[in-house]
Amino acid sequence: AQCGKNTEAADLFRQMRLKGIKPDVASWNALIAGHAQHGNGEAARQTFEQMQHEGFKPNTYSWNARIAGYVEHGEFQKAVELYGVMLQEGVQLDVSTYNAMIAGYSQHGSMDETLKLVKEMYRVGLKPDTSTWTAVLSGFARLGQKEEALRLCQEMEQSGIELNSTVWNAMIAGLTQNGHLLLAYDVFQHMQRSGPKPNAASWTALISGFAQNGHVATGLELMRQMKERGLVPDVATWTILVAGYAHEGSLESSLELFSQMQQEGIKPDVIAWTSLIGGYAKNGLLKEALNLIEKMQKEGVEP
RNA sequence: CCCUUACGGUUU
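Counting with my numbering, you get residues 2 to 304 for the letters of the first sequence.
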């Protein structure tokens with residue numbers, strides 16, 4: 002279900018019942034989560050209905066899975082509605098329910114609502130965890146409210162909340178998305194000195210900041226440093242640089258990097274190919290773009 | 001116990 006093979010999951014579910022094994026709530030939830038995580042909110046809803054017809058009452062996990070699915074796939078309004086129904090029906094909320102909603106509000110830049118929910122968590126006796134704070138922090142950082150973001154970091158440290166790599170990464174990513182490149186770089190260096198070891202996502206967030214703001218060469222240099230520290234750039238890291246060159250019209254460099262990525266054993270996915278092809282298409286080289294699409298398909302990647 | 005929540009790439 003988590004791999005998006007919902008038909009196969011449903012099949013297994015059927016076989017399970019044919020063999021006389023009764024699915025429990027967790028089995029139903031796995032199906033719901035599979036649909037929800039892959040953007041199929043409607044199928045998730047149907048499964049949710051179906052389980053009720055068969056006498057199972059959805060639990061907090063069932064509701065959370067659907068809400069989180071809507072948030073992750075940009076259907077936040079539906080998440081809000083479902084959350085409303087959940088409240089009406091008196092279903093017990095847990096930290097994950099709040100975290101999903103907080104992530105949604107924060108992603109939409111509604112920081113007032115975000116903080117309101119955090120307060121509410123305390124009021125109902127739930128303790129915000131690292132995920133909660135990461136979501137809040139990420140919102141401030143993306144909005145470019147760096148003072149709030151940095152203050153929140155300090156408060157987290159003082160409250161004894163572990164600043165794991167996702168917290169640092171959220172900060173770095175948010176800042177770079179706002180063009181605060183040097184501050185992001187400062188935070189990154191701070192992380193290297195006194196935080197967890199930067200992982201691929203940390204480096205990639207930083208690299209994207211430079212590459213997407215006209216500093217592709219700096220991005221390349223950072224990737225070199227990343228390798229030097231023993232990390233292997235993955236397809237996301239390479240794609241940023243391929244896209245960076247494609248975007249500035251340096252098609253040869255773009256293609257060269259793309260080939261280098263393949264030589265280093267990274268298999269380009271549809272996003273990597275699209276980044277490369279986009280460069281040709283936007284520069285009016287349609288024939289080359291079409292050829293690349295063909296080549297992509299020959300290598301087993303579907304547009 | 002298994003199922004839900006936070007961080008990076010293309011089209012955005």
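Note that beta-carbon positions come from the ideal geometry of N, C-alpha and C, so glycine has one too. Quick caveat: nothing in here was measured; it's all calculated off a predicted structure.
Per DSSP, reduced to three states, the secondary structure at L127 is coil, with no helix or strand assignment. Taking 8 angstroms as the cut-off, the beta carbon of N179 is found closer than this to the beta carbon of R143. In terms of CA proximity to T61, V86 leads the group V86, G145 and A290. Bounds of the alpha helix (DSSP H) holding N7 are N7 to L19. Between the region 223–232 and the region 251–261 there are fewer than three inter-stretch CB-CB distances shorter than 8 angstroms, so the stretches are not counted as touching. Shown here, V233 sits in coil according to DSSP, grouped into three states, outside any helix or strand.
By the Cβ-count criterion, M17 is exposed, with fewer than 16 other Cβ atoms from all chains shown falling within 10 Å of its own Cβ. Counting only runs that start and end inside the region 120–201, the alpha helix (DSSP H) elements of at least 4 residues fall at 131–143, 147–159, 166–178 and 182–195. Around G175, the same chain offers S139, A142 and R143 as residues with beta carbons nearer than 6 angstroms, after the five sequence neighbours per side are excluded. Below 8 angstroms, too few C-beta pairs join the region 114–124 and the region 148–156 to call them touching: fewer than three. Sequence-distant partners of I162 (beyond 5 residues in either direction) whose C-beta falls short of 7 angstroms from its own C-beta, in its chain, are T131 and W134. Using a Cβ distance threshold of 8 angstroms, I278 and I294 count as a contacting pair. For E73, the closest alpha carbon among the candidates A218, F57 and Q38 is that of Q38.
Sequence-distant partners of F14 (beyond 5 residues in either direction) whose C-beta falls short of 8 angstroms from its own C-beta, in its chain, are P24, S28 and L32. With respect to the C-alpha of S160, the residue from Q89, P129, Q47 and N30 having the closest C-alpha is P129.
DSSP, read as helix, strand or coil, puts G250 in coil. DSSP places E50 within a helical segment (H, G or I) once states are collapsed to three. If you keep only unbroken alpha helix (DSSP H) runs of at least 4 residues inside the region 58–133, you get 61–73, 77–89, 96–108 and 112–124. G40 carries a coil assignment under DSSP once its states are collapsed to helix, strand and coil. Under the three-state reduction of DSSP, E289 is assigned to helix. For I241, the three-state secondary structure derived from DSSP is helix.
With 16 or more neighbouring CB atoms inside 10 Å of its own CB, G42 falls in the buried class. In the structure shown, K23 falls within a coil segment according to DSSP collapsed to helix, strand and coil. Annotation for G220: I208, F211, A212, I241, L242 and G245 place their beta carbon closer than 7 angstroms to its own, counting only its chain and skipping 5 residues before and after. Taking C-beta separations shorter than 8 angstroms and ignoring five residues to either side along the sequence, the partners of P197 in its chain run L164, N165, S166 and W169, following chain order.
In this structure, the beta-carbon distance from G35 to A10 falls below 8 angstroms. Per DSSP, the unbroken alpha helix (DSSP H) holding I278 starts and ends at V271 to K283.
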